Amino acid sequence: MLYSEVVMDHFMNPRNVGTIADADGVGEVGNAKCGDIMRIYLKIKNDVIEDVKFETFGCGSAIASSSMATEMIKGKPLSQALTLTNKAVAEALDGLPAHKLHCSVLAEEAIKNAIKNYYDKNGIEYNEEQFKESAHEHGHCDI
Amino acid sequence: MKIYADNAATTKMSKTAIQAMLPYMEEIFGNPSSLYSIGQTAAEAVFKARESIAECLGCMPAEIYFTSGGSESDNQAIRSAAEFGAKKNKKHIISTAFEHHAVLHTLKKLQKEGFEVTLLDVNENGIVNPEQVEQAIRPDTCLVTVMYANNEIGTIQPIAKIGEICRAKKVTFHTDAVQAVGHIPVNVKNDNVDMLSISAHKFHGPKGVGVLYVRKGIYLSNLIEGGSQERGKRGGTENVPGIVAAAAALKEAVSDLPESSQKLVPLRDKLIDGLLAIPHSVLNGDKEQRLPGNVNICFEGIEGESLLLLLDAKGISASSGSACTSGSLDPSHVLLAIGRPHEIAHGSLRLSLSDENTEEEIDYIIQEVKNVVNYLRNMSPVWRDLQEGKKNYVIQ
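Residue numbers (the working numbering), protein chains in the order written: chain A, 322 to 464; chain B, 845 to 1240.
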């Protein structure tokens, strides 16, 4: 099989699908031309992620990565959510095929973008370094 | 319900083909090059298979060469014409932008070896205009290779007309007819073809057997050196059971053709109409000039791989031109060639029917595709933006 049982479970029964109308932070990464876009909505209270929802246009592993990543940050303090790596998402999914690893990268970056959006909207200072585009492979699509 | 709707990828072997090959694995397993009787009986079977295939294609048995499949046939045909052209300092080849990779990648390699390749546009309906071929032919053109029917969008090309042009201009003409033979009437003489590739597993024969038709007098060189099999043009002990089964499958497919297309075309059209009732969907390829079993549709706002996985969960086997399904970076070169933008090409679905599919199955496919497309659109940020008017629909 192409995907692990965990990936298939999160793809077939994705957790946290949807939107949050009065979201405190929204982050989006990807490009429809490349075949995947992820959008993350956060509800934040006292620096804790109270609720998180996602919308994804993409393949099975993109949807599963979004689902898993949102599960991993739900109820967590922002400081902890910011340390979530694509590697941790991929490991929690019991691995992704090599050419699908970028999906976990998108999930990590979508979450970071949403947190950054929350900081920007509320005038909260942060270290730019934390939000620098990661050095790992992102460019699976050059369009 | 289990529905196989990916017959352009491969087909289930017919009972006739399986029955035909069994004796050549169990009793008559001899090498056709051997002198004793089970060898010679096997040789006789290959001889008869060659005759039968020649009859189905409208040529002489001596013009038929057995290979390992469609890809090998394409490689050998193109390489041979290129080699012959190079001897006369003719190093220009004409093909189309939406050929199978067995053709495109062979041409790419030849480009690196100093050949010049012109890839013709296939227009929005996925059909090459013969005039385009005529205009592209130069004094140094050694080969025109245009597929008979496209493997993704099923469009049928004006092969006889292109062949006529090539014959008049004295340019060798090859066609990859892997998707056509056994599905629509093909006759190499009427179609003015010099070389033609076919593959047995596309018409309910076994995998690993291909045929290359080479018109008498057309130069053919080896890809595989070895013994004197195939008149010295393709070394290696013949795949006797496969060859016998390929001949049986082709004979059956060709004789069933009028009946099977009569059944398939209405099923195909019902499926097309049912799926196009989904808003913001579009048919890829001409509606009339297409293979009897081919349906290929793009749905805006969704991605093809997740569509396929969800359809598989509903028991439907299908295919897509999305990048994710191929493991490559780009969506289908065929959909890009007919002008679909990348984001639309990612959302394509190909259903290729055989005459085993039923009307009940078509109803089920239409219903399930509708459900799955709706489900995926509801979680798609692209679809949300389109619905909220933040972006404009590409497919109206």
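Backbone N, C-alpha and C define an ideal beta-carbon position, used for all residues, glycine too. Computed from a prediction, not measured in an experiment: that's the story for all the values here.
For residue i, collect the residues of the same chain with a Cβ closer than 7 Å to its Cβ; drop the 5 residues on either side in sequence, then sort them by chain order.
i	result
Y868 (chain B)	A886, A889, V1084, P1085 and V1088
S1150 (chain B)	L1220
H1190 (chain B)	E1147, G1148, S1166, A1167 and P1175
I1210 (chain B)	L1115, G1118 and L1119
K1214 (chain B)	I1122
Y1237 (chain B)	H1124, E1144 and L1230
V327 (chain A)	L414 and D415
A980 (chain B)	I938, T962 and L964
K1235 (chain B)	D1229
Leaving out five residues before and five after residue i in sequence, what residues of the same chain have Cβ atoms less than 6 Å from its Cβ?
i	result
A1097 (chain B)	G1026 and F1047
A864 (chain B)	V1088, A1089 and A1092
K1158 (chain B)	E1212
K934 (chain B)	D984 and C986
H331 (chain A)	A385, S388 and M389
D1156 (chain B)	none
What are the partner residues of residue i, as DSSP defines its beta bridges?
i	result
N337 (chain A)	According to DSSP, which records beta bridges pairwise, N337 (chain A) is partnered with nothing at all.
V1025 (chain B)	B:I1028
G348 (chain A)	A:I361
G1054 (chain B)	B:T911 and B:S1043
C1142 (chain B)	B:V1126 and B:S1192
H1018 (chain B)	B:T989 and B:M1039
I847 (chain B)	B:I1160
E449 (chain A)	DSSP output for E449 (chain A) lists no bridge partner at all.
L963 (chain B)	B:S939
P398 (chain A)	A:V369
T377 (chain A)	A:M359
For residue i versus residue j, is the C-beta spacing smaller than 8 Å?
i	j	result
G1145 (chain B)	L1230 (chain B)	yes
G913 (chain B)	V1053 (chain B)	yes
D918 (chain B)	A941 (chain B)	no
T860 (chain B)	V1055 (chain B)	no
L1193 (chain B)	F1143 (chain B)	yes
Y848 (chain B)	S1161 (chain B)	yes
K366 (chain A)	I341 (chain A)	no
V990 (chain B)	I1006 (chain B)	yes
E392 (chain A)	N337 (chain A)	yes
Q976 (chain B)	A852 (chain B)	no
K1060 (chain B)	E907 (chain B)	yes
L414 (chain A)	M389 (chain A)	yes
H936 (chain B)	E960 (chain B)	yes
E1187 (chain B)	A353 (chain A)	yes
I862 (chain B)	I872 (chain B)	no
Y1057 (chain B)	S924 (chain B)	no
S1104 (chain B)	D1199 (chain B)	yes
N1201 (chain B)	L1111 (chain B)	yes
I1028 (chain B)	I1000 (chain B)	yes
S1041 (chain B)	A1012 (chain B)	no
L1108 (chain B)	G1049 (chain B)	no
Alpha carbons only, please: which of the options is nearest the one belonging to residue i?
i	options	result
G1118 (chain B)	B:I1206, B:R1078 and B:A893	B:I1206
C424 (chain A)	A:A435, A:A409, A:K437 and A:I436	A:A409
V1226 (chain B)	A:N448, A:N438, A:A385 and A:G351	A:G351
I938 (chain B)	B:S858, B:T1019, B:Y909 and B:K931	B:T1019
K421 (chain A)	A:G339, A:N337, A:D357 and A:M333	A:D357
L1101 (chain B)	B:G1137, B:S1125, B:E1132 and B:H1124	B:G1137
F378 (chain A)	B:F1017, B:G1070 and B:R1228	B:R1228
F891 (chain B)	B:E1203, B:K1013 and B:E1074	B:E1074
S387 (chain A)	A:F452, A:D368 and A:P335	A:P335
P418 (chain A)	A:G444, A:S382 and A:N407	A:S382
E429 (chain A)	A:G444, A:K442 and A:A411	A:A411
E968 (chain B)	B:G1183, B:I1239, B:S1224 and B:N1222	B:G1183
F928 (chain B)	B:T1016, B:M857 and B:K856	B:T1016
A1044 (chain B)	B:I897, B:I971 and B:N994	B:I897
N875 (chain B)	B:E1082, B:L1135, B:D1113 and B:L1179	B:E1082
S1224 (chain B)	A:N443, A:I445, A:E376 and A:C380	A:E376
N994 (chain B)	B:E1132, B:P1185 and B:E943	B:E943
G444 (chain A)	A:P398, A:G346, A:C380 and A:C355	A:G346
Excluding the five sequence neighbours on either side, which residues of its own chain have a C-beta within less than 8 Å of the C-beta of residue i, listed in chain order?
i	result
I394 (chain A)	I370, V373, Q401, A402, L405 and I432
Y447 (chain A)	K437 and Y440
C903 (chain B)	V1032, K1033, Y1057 and R1059
T950 (chain B)	D918, N919, I922 and R923
E349 (chain A)	I358, M359, R360, I361, A431 and N434
A456 (chain A)	Bear in mind that the predicted position of A456 (chain A) carries a pLDDT of just 45, short of 50, making it unreliable; the figure below should be weighed with that in mind. If we look at A456 (chain A) and ignore the five residues flanking it on each side, it has no Cβ neighbours.
V947 (chain B)	D918, I922, S939, T989, M991 and D1020
Q451 (chain A)	L403 and K433
G1080 (chain B)	I1068, G1070, G1071 and Q1073
Kindly examine the ligand SAH and report whether one of its heavy atoms sits closer than 7 Å to the Cβ of residue i.
i	result
G1233 (chain B)	The ligand SAH is absent from the structure shown, which contains no ligands of any kind.
Next item on the list: Quick one: which unbroken beta strand (DSSP E) runs of 3-plus residues sit fully inside the segment 1154-1222 of chain B? Chain order, please.
Entry: 1192-1196
Note to self: What ranges does the beta strand (DSSP E) occupy inside the segment 968-1014 of chain B, keeping only unbroken runs of at least 3 residues that lie completely in it?
What the structure shows: 985-989
Item checked: In chain order, each alpha helix (DSSP H) run of at least 4 residues that lies wholly inside the segment 861-896 of chain B -> 867-870
Next item on the list: At 3 residues or longer, and completely inside the segment 907-952 of chain B: list those beta strand (DSSP E) runs for me, N to C.
Entry: 908-911 and 936-940
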